[in-house]
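First the structure, in the form of structure tokens, and then the observations on it.
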Amino acid sequence: MVQTLAYLKETPSQTAGPYVHIGCTPNFSGISGIFETDLGSGPLANEQARGERITIRGFVYDGLGSPLKDALVEIWQADADGLYNSPAETRGRADPNFFGWGRQPGDMQTGEFVFHTVKPGRTPFRPNDPRLMAPHILFWIVARGINIGLQTRMYFSDEEAANAEDPVLARIEHRQRVRTLIGAREGETVRFDIHLQGENETVFFDM
Numbered sequence: 001m002v003q004t005l006a007y008l009k010e011t012p013s014q015t016a017g018p019y020v021h022i023g024c025t026p027n028f029s030g031i032s033g034i035f036e037t038d039l040g041s042g043p044l045a046n047e048q049a050r051g052e053r054i055t056i057r058g059f060v061y062d063g064l065g066s067p068l069k070d071a072l073v074e075i076w077q078a079d080a081d082g083l084y085n086s087p088a089e090t091r092g093r094a095d096p097n098f099f100g101w102g103r104q105p106g107d108m109q110t111g112e113f114v115f116h117t118v119k120p121g122r123t124p125f126r127p128n129d130p131r132l133m134a135p136h137i138l139f140w141i142v143a144r145g146i147n148i149g150l151q152t153r154m155y156f157s158d159e160e161a162a163n164a165e166d167p168v169l170a171r172i173e174h175r176q177r178v179r180t181l182i183g184a185r186e187g188e189t190v191r192f193d194i195h196l197q198g199e200n201e202t203v204f205f206d207m
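Under UniProt numbering, the sequence shown is numbered contiguously, ending at residue 207.
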């Protein structure tokens, strides 16, 4: 007889602690011989990935406006055609040369994180829903002092029409805060800074 697990309780959350880089990015931490490269070192599987190449650069700022130097940032995104490299994509249409996931620690001296990826396409809002979301990239942030990983999105400043139609952006009540989710496009570079607290606090999502 299978024993019920209904009595199990959720354990308390803990901060990422000072060892998150050792466990998630050992090569970055100077520990070699475990992985040839750190997992998630790039969303691009190889140079054959389809789409427009972009470089995302940014900082994670604390409430005082200082960049965190021990943050770990992950991104999740669709490929250039708006398809995810996921088991849910059963038709095999997603770009096999694009992972759609990346993980980068911030530079230990400056705190800047950098991702080399492709600009994603528009994706459906929900199954059987005709609405499309604007091109966007999901961000997940952990660092010492953050009990639960924070999740947010980055949209693109050169997609004003698509952003205006996006059903997720439309749900943000305080419209002046939408700007905290817009990455500033400058040629191939997109600047996206994440503010944990303060006047410019980024919108975070409970997902």
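Think of the CB as a built atom: it goes at the ideal place given N, C-alpha and C, for glycine as much as any other residue. Since the model is a prediction, treat every value here as computed from it, not as a measurement.
Can you tell me whether DSSP reads residue i as helix, strand or coil?
{"i": "Val-73", "result": "strand"}
{"i": "Ala-184", "result": "strand"}
{"i": "Arg-144", "result": "coil"}
{"i": "His-136", "result": "strand"}
{"i": "Arg-131", "result": "coil"}
{"i": "Gln-197", "result": "coil"}
{"i": "Arg-179", "result": "helix"}
Is residue i buried or exposed, if buried means 16 or more other CB atoms sit within 10 Å of its CB?
{"i": "Asn-147", "result": "exposed"}
{"i": "His-174", "result": "exposed"}
{"i": "Tyr-19", "result": "exposed"}
Taking the continuous alpha helix (DSSP H) assigned at residue i, which residues delimit it?
{"i": "Val-20", "result": "20-24"}
{"i": "Ala-170", "result": "First-last for Ala-170: undefined, no H or E at that position."}
{"i": "Asn-163", "result": "160-165"}
Assuming residue i is part of the beta strand (DSSP E), what are its boundary residues?
{"i": "Tyr-155", "result": "150-156"}
{"i": "His-174", "result": "Careful: His-174 lies outside any beta strand (DSSP E) and carries neither H nor E."}
{"i": "Arg-191", "result": "189-191"}
{"i": "Thr-117", "result": "113-118"}
What's the C-alpha gap between residue i and residue j?
{"i": "Asp-166", "j": "Glu-188", "result": "23 Å"}
{"i": "Ile-172", "j": "Ser-41", "result": "32 Å"}
{"i": "Phe-59", "j": "Arg-185", "result": "16 Å"}
{"i": "Val-190", "j": "Ile-56", "result": "5 Å"}
Below 8 Å on the Cβ atoms is my guess for residue i versus residue j; work out the distance and round it to an integer in Å.
{"i": "Pro-105", "j": "Leu-72", "result": "5 Å"}
{"i": "Ala-78", "j": "Thr-123", "result": "5 Å"}
{"i": "Ile-182", "j": "Ser-157", "result": "5 Å"}
{"i": "Gly-92", "j": "Pro-120", "result": "About 18 Å separates the two Cβ atoms, so there is no contact after all."}
{"i": "Val-114", "j": "Ile-54", "result": "With a Cβ gap of about 11 Å, Val-114 and Ile-54 do not count as contacting."}
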